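Sequential numbering from 1 applies to the sequence shown in the UniProt record's numbering. Built from N, CA and C at the ideal position, the CB exists for glycine as well. The structure presented is a predicted model; accordingly, all values stated were derived computationally and were not measured. The structure appears below as structure tokens.
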Amino acid sequence: MATTLTDRLSRLVKTMRGQARITESNVQDMLREVRMALLEADVALPVVKDFIARVKDKALGQEVVGSLNPGQVLVSVVHKELAATMGEGVADINLNTQPPAIILMAGLQGAGKTTTTAKLAKLLIEKRKKKVLTVSADVYRPAAIEQLKTVTGQAGAEWFPSAPDQKPRDIALAALDYAKKHYFDVLLVDTAGRLAIDEALMAEIRELHAALNPVETLFVVDAMQGQDAINTAKAFKEALPLTGVVLTKLDGDSRGGAALSVRQITGAPIKFAGVSEKIDGLEVFDAERHAGRVLG
Ligand code: GDP
1 MATTLTDRLS
11 RLVKTMRGQA
21 RITESNVQDM
31 LREVRMALLE
41 ADVALPVVKD
51 FIARVKDKAL
61 GQEVVGSLNP
71 GQVLVSVVHK
81 ELAATMGEGV
91 ADINLNTQPP
101 AIILMAGLQG
111 AGKTTTTAKL
121 AKLLIEKRKK
131 KVLTVSADVY
141 RPAAIEQLKT
151 VTGQAGAEWF
161 PSAPDQKPRD
171 IALAALDYAK
181 KHYFDVLLVD
191 TAGRLAIDEA
201 LMAEIRELHA
211 ALNPVETLFV
221 VDAMQGQDAI
231 NTAKAFKEAL
241 PLTGVVLTKL
251 DGDSRGGAAL
261 SVRQITGAPI
271 KFAGVSEKID
281 GLEVFDAERH
291 AGRVLG
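Set out below in structure tokens:
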């Protein structure tokens with residue numbers, strides 16, 4: 001089992017009992033343990049460095065009161081800062097526009113875009129009583145179009161057909177036209193992904209964004225992606241004005257440090273967490289709970 005931050009620090013602080021304050025001299029060793037814990041949780045290195053610097057500023061001068069020891073005080077500072085960073089921003093989905101509200105799904109292949117599109121459709125139908133249309137602009141993988149059709153059916157939403165010989169932009173505009181004519185509240189646009197960042201793919205999704213002007217552009221990222229999440233997040237942030245993040249596969253055994261990396265790099269709020277392969281496995285992201293998981 002991985003060592004938790006509390007375990008790591010409690011070993012250290014045995015030598016620090018009776019110290020009334022977190023000072024420059026006692027904080028260094030403790031911060032080294034925080035750094036190790038975050039790296040173990042797969043937070044990307046540059047993000048860890050930045051985070052540690054902020055925590056140090058907040059921790060210095062903190063009084064150690066009652067039965068607490070300096071390690072416990074520091075864990076609490078780290079936990080609070082982690083939850084605040086990951087929880088910043090509006091977590092709710094924004095449909096505040098002239099219908100249909102367009103939601104563009106972006107991310108690498110395998111991140112969980114298609115699954116999340118259907119999960120989101122189901123959530124909007126059941127919780128917000130919306131009429132939802134989905135469409136796939138993935139013209140490279142006919143199987144992806146079929147997959148969206150199947151999961152959209154499971155979600156109880158309507159699916160707009162598309163085919164590999166069409167242009168993604170034409171598909172999206174045809175779906176938008178249909179959505180307007182049939183009074184849909186929401187149009188969810190699933191897009192093509194690649195296994196790695198690819199300039200052609202980014203150009204295509206930028207073009208889709210420009211044609212659709214979506215109210216939400218959600219970056220879907222696999223929580224198991226670990227250190228690499230930072231590069232993916234950077235590329236999508238540069239290509240698109242992201243409005244939110246969906247962190248998938250949180251039911252896996254990763255500590256989910258990617259949440260901190262992606263939040264910091266994109267600047268966009270983490271809105272949802274994917275917690276199973278099933279159609280109802282989407283939850284509003286809970287930063288407080290997730291901070292506990294990252295710290296172990
Ligand atoms: P896409 O290529 O981005 O559209 O990814 P898919 O939606 O096809 O998902 C890729 C795989 O990840 C599929 O096997 C999904 O069932 C699985 N998946 C997606 N989201 C989750 C999740 O939150 N938890 C788990 N366990 N699996 C997920």
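When the alpha-carbon of residue 244 is set against those of 263, 231, 212, the nearest one is in 263. Excluding sequence positions up to five before and after residue 64, its CB lies within less than 6 angstroms of the CB of 20, 70, 73, all in the same chain and listed in chain order. Bounds of the alpha helix (DSSP H) holding residue 47 are 45 to 59. With a threshold of 7 angstroms, the Cβ atom of residue 3 does not count as near the ligand GDP, since no heavy atom of the ligand is closer than that. Taking C-beta atoms as the reference points, residue 273 and residue 283 count as a pair closer than 8 angstroms. Residue range 199 to 212 is occupied by the alpha helix (DSSP H) that includes residue 212.
Of the residues 250, 275, 223, 193, the one whose Cα lies closest to the Cα of residue 235 is 193. The region 203 to 212 makes no contact with the region 74 to 93; the number of CB pairs closer than 8 angstroms stays below 3. A residue is called buried when at least 16 other Cβ atoms come within 10 angstroms of its Cβ; residue 246 meets this threshold and is buried. Per DSSP, the beta-bridge partners of residue 220 are 246. Between residue 185 and residue 100, the beta carbon gap of about 6 angstroms places them in contact (Cβ cut-off 8 angstroms). If you check the CB distance, residue 133 and residue 187 come in under 8 angstroms. A residue is called buried when at least 16 other Cβ atoms come within 10 angstroms of its Cβ; residue 161 does not meet this threshold and is exposed. Judged by DSSP in its simplified three-state form, residue 276 adopts coil rather than helix or strand. CA-to-CA, the gap between residue 176 and residue 91 works out to about 25 angstroms. Annotation for residue 52: 31, 34, 35 place their beta carbon closer than 7 angstroms to its own, counting only its chain and skipping 5 residues before and after.
Residues of the same chain with a CB within less than 7 angstroms of the CB of residue 290, apart from the 5 flanking positions on each side, are 86, 256, 259 in chain order. Your pair residue 168 and residue 216 does not check out as a contact, with CB atoms roughly 18 angstroms apart and the cut at 8 angstroms.
Distance check between residue 24 and each of 13, 60, 9, 124 places 60 closest, using alpha-carbon atoms only. DSSP places residue 102 inside the beta strand (DSSP E), whose first and last residues are 101 to 106. Look at residue 254: its beta carbon is at least 7 angstroms from all of the heavy atoms in the ligand GDP. Taken from the Cβ of residue 72, every heavy atom of the ligand GDP lies 7 angstroms or farther away. Apart from the 5 residues on each side of it in sequence, residue 94 sits with its Cβ closer than 6 angstroms to the Cβ of 215, 216 in its chain, given in chain order.
A Cβ-Cβ contact shorter than 8 angstroms links residue 281 with residue 119.
Relative to the ligand GDP, the beta carbon of residue 276 is positioned inside 7 angstroms of a heavy atom.
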